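Protein chains in written order, with the numbering used here: chain P, 1 to 246; chain R, 247 to 492.
The beta carbon of each residue, even a glycine, is placed where N, CA and C say it ideally should be.
Keep in mind that this is a model prediction, so the values were computed, not measured.
Contents: one structure, followed by commentary.
Number of protein chains: 2
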Amino acid sequence: MADDELPDSPRLTRPDGSPVRALVVDDEPSLADLVSMALKYEGWDVRTALTGQQALQHGREFKPDIVVLDIMLPDLDGLEVLRRLRADGTDVPVLFLTAKDSVDDRVVGLTAGGDDYVTKPFSLEELVARLRGLIRRSTLVVSERADPEIRVGDLVLNEESYEVRRGDTEVELTATEFELLRYLMRNPKRVLSKAQILDRVWSYDFGGRSSIVEIYISYLRKKIDTLGPAMIHTVRGVGYMIKPVT
Amino acid sequence: MADDELPDSPRLTRPDGSPVRALVVDDEPSLADLVSMALKYEGWDVRTALTGQQALQHGREFKPDIVVLDIMLPDLDGLEVLRRLRADGTDVPVLFLTAKDSVDDRVVGLTAGGDDYVTKPFSLEELVARLRGLIRRSTLVVSERADPEIRVGDLVLNEESYEVRRGDTEVELTATEFELLRYLMRNPKRVLSKAQILDRVWSYDFGGRSSIVEIYISYLRKKIDTLGPAMIHTVRGVGYMIKPVT
DNA sequence: GTGGATGCTCAAAGGAGGCTCAGCATGGCC
DNA sequence: GGCCATGCTGAGCCTCCTTTGAGCATCCAC
Numbered sequence: 001m002a003d004d005e006l007p008d009s010p011r012l013t014r015p016d017g018s019p020v021r022a023l024v025v026d027d028e029p030s031l032a033d034l035v036s037m038a039l040k041y042e043g044w045d046v047r048t049a050l051t052g053q054q055a056l057q058h059g060r061e062f063k064p065d066i067v068v069l070d071i072m073l074p075d076l077d078g079l080e081v082l083r084r085l086r087a088d089g090t091d092v093p094v095l096f097l098t099a100k101d102s103v104d105d106r107v108v109g110l111t112a113g114g115d116d117y118v119t120k121p122f123s124l125e126e127l128v129a130r131l132r133g134l135i136r137r138s139t140l141v142v143s144e145r146a147d148p149e150i151r152v153g154d155l156v157l158n159e160e161s162y163e164v165r166r167g168d169t170e171v172e173l174t175a176t177e178f179e180l181l182r183y184l185m186r187n188p189k190r191v192l193s194k195a196q197i198l199d200r201v202w203s204y205d206f207g208g209r210s211s212i213v214e215i216y217i218s219y220l221r222k223k224i225d226t227l228g229p230a231m232i233h234t235v236r237g238v239g240y241m242i243k244p245v246t
Numbered sequence: 247m248a249d250d251e252l253p254d255s256p257r258l259t260r261p262d263g264s265p266v267r268a269l270v271v272d273d274e275p276s277l278a279d280l281v282s283m284a285l286k287y288e289g290w291d292v293r294t295a296l297t298g299q300q301a302l303q304h305g306r307e308f309k310p311d312i313v314v315l316d317i318m319l320p321d322l323d324g325l326e327v328l329r330r331l332r333a334d335g336t337d338v339p340v341l342f343l344t345a346k347d348s349v350d351d352r353v354v355g356l357t358a359g360g361d362d363y364v365t366k367p368f369s370l371e372e373l374v375a376r377l378r379g380l381i382r383r384s385t386l387v388v389s390e391r392a393d394p395e396i397r398v399g400d401l402v403l404n405e406e407s408y409e410v411r412r413g414d415t416e417v418e419l420t421a422t423e424f425e426l427l428r429y430l431m432r433n434p435k436r437v438l439s440k441a442q443i444l445d446r447v448w449s450y451d452f453g454g455r456s457s458i459v460e461i462y463i464s465y466l467r468k469k470i471d472t473l474g475p476a477m478i479h480t481v482r483g484v485g486y487m488i489k490p491v492t
């Protein structure tokens, strides 16, 4: 019954309905492309910069709503780029990309100001989720529909509190399980292939085989499908799909 | 009753109604032709390239809406071709053709950005379906998401969820049954020969006999024609046809 | 009506795909 | 350090799908 949902996935947009504008700054073209394509797939308007100089130029001309910024840049330091971007008076929120070990204290300090960071290698699902979080909290971009909850039938996932409930029952998930479930729930009634899931939920440098997806699907089923009628469906030879129970 | 459908099959077009433009890149002429012919039959505007260089040239001049790209090319690597195509600022979605075993290493990360891949040998029905899926999801080509449902009478097939319903009854199909039914439903009231069906639904290197088509027609009938008046008709000596009951 | 061609369906073999278990590695926490 | 939670792998099992062969049914030509 609880299935009179909106036409389709409620994409995040600016108040006037135009696409969110994102600036991606990374000196590694393949990574910049990867992130760029993922965000375009979200329906966002994306521009990429390979250097700090380019980033500043795009920042002035493109006026992004959000910036993905690699700390390590050949010419300018990422933090210096941020300083100059902000010098123009733009309070655009920033998501930093950092190496795992060099999580700068300075970066940590910035998260207090509303910015955020992700360590490499990251999963696209995590990156996009954090960007969505930044946008949602941004006073500048405030879109009317800033609901952090994703619903599929009686299953509710909260992106901010990381809580998952089916009906009245709280479900405890690990980080990976959570990301997998979120990806499924953001694409309800759509079959997602194991390759898609692997590319999206696991880090881009993950070398393992796709059977890991089967295993985590199995974990989710044990925690979610046991609480009621099955919601996670296998489409043999194609992939997996989550849908409300009719 | 529910059969007041549009003039004919709702072909996918660009927003202005002009045909979708596809670029097919494969160094094997016979395969390039096979795919090219199939897409032309879809009503698309097709150009083929046998080398990476040709592909780049066509990419610039022809400005395709979608690209079918073999990973293995004699001159340039398929991924390099993609990189250069995209360097021009064109975010054209790409469907990769890969050998069955060379998938994992190189195509990683591509499906996350909205691109897709198909392993050789593929069935044309699957290839075309995936291309349609890419086009449908592409914000560039189609302004609003096209309808993933195909309807013939009270029979409805959803290409995204892989669900099939006749009236209110859900029908469970296997992957092969689904592809066969989709091919029939995309050509309603048109007799399709067993040879056509075999060429279209089974892989192009399939060695088996054409009686396999009869068997799968039989399966479909058991699952679909038993739910109401028969919709799948045999035209002896010619082939099979699906049509609404009227 | 008869015979041959065409189409239909049953049952079973074989295989691919999916699931799960046991176990190891890692990293955080007490 | 020792413990526990989490992530991941490999192997084996099991289910279900695909394909084949064979036999029967139906249709058409003569």
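- In terms of CA proximity to Val46 (chain P), R:Arg332 leads the group R:Ser456, R:Ser282, R:Val314, R:Arg332.
- In the DSSP assignment, Ile381 (chain R) falls within the alpha helix (DSSP H) that extends over 370-383.
- Residue state for Leu157 (chain P) is assigned as strand, using DSSP reduced to three classes.
- Going by beta carbons, Val270 (chain R) and Thr294 (chain R) fall inside the 7 Å limit.
- At least one C-beta of chain P is nearer than 7 Å to the C-beta of Ser407 (chain R).
- When the alpha-carbon of Glu28 (chain P) is set against those of P:Asp70, P:Pro64, P:Ala38, the nearest one is in P:Asp70.
- Close to chain P, meaning a Cβ-Cβ distance shorter than 7 Å, are the following residues of the stretch 331-342 of chain R: Arg332, Asp337.
- Taking a contact as a CB-CB distance under 8 Å, the pair Asp362 (chain R) and Arg382 (chain R) does not count as one, their CB atoms being some 12 Å apart.
- The Cβ-Cβ distance between Val491 (chain R) and Gly399 (chain R) falls below 7 Å.
- The continuous beta strand (DSSP E) containing Ile396 (chain R) extends over residues 395-398.
- Burial state of Ser282 (chain R) is buried, judged by a 10 Å Cβ sphere holding 16 or more other Cβ atoms.
- Chain P has a Cβ within less than 7 Å of the Cβ of Ala358 (chain R).
- Along the stretch 42-84 of chain P, the beta strand (DSSP E) occurs as fully enclosed runs of 3 or more residues at 45-49, 66-70, listed in sequence order.
- Among the residues of chain P, none has a CB under 9 Å from the CB of Thr344 (chain R); the nearest is roughly 11 Å distant.
- Here DSSP, grouped into helix, strand and coil, assigns Pro19 (chain P) to strand.
- By the 16-neighbour rule on beta-carbons within 10 angstroms, Gln196 (chain P) is buried.
- The beta-bridge partner set that DSSP reports for Glu170 (chain P) consists of P:Arg165.
- Annotated three-state conformation of Leu258 (chain R) is coil, per DSSP.
- Annotation for Phe178 (chain P): no beta strand (DSSP E) segment contains it, though the alpha helix (DSSP H) segment containing it runs 175-185.
- Ranked by how close their Cα comes to the Cα of Lys63 (chain P), the residues P:Gly237, P:Leu184, P:Ala22 have P:Ala22 in first place.
- Residues of chain P with a Cβ closer than 9 Å to the Cβ of Ala268 (chain R) do not exist; the shortest Cβ-Cβ separation is about 19 Å.
- Distance from the CA atom of Ser449 (chain R) to the CA atom of Leu280 (chain R), rounded to whole angstroms, is 12 Å.
- Taking all protein chains shown into account, Arg428 (chain R) has 16 or more neighbouring C-beta atoms within 10 Å of its C-beta and is therefore buried.
- With a threshold of 7 Å between beta carbons, Ala421 (chain R) makes contact with chain P.
- Contact of Gly237 (chain P) with chain R is assigned, a C-beta pair being separated by under 7 Å.
- Using a Cβ-Cβ cut-off of 8 Å, Tyr183 (chain P) is close to nothing in chain R; its nearest Cβ partner there is about 10 Å away.
- Under a criterion of Cβ atoms nearer than 7 Å, the residues of chain P adjacent to Gly355 (chain R) are, in order, Leu34, Asp199, Tyr204.
- Taking a contact as a CB-CB distance under 8 Å, the pair Gln299 (chain R) and Asp272 (chain R) does not count as one, their CB atoms being some 14 Å apart.
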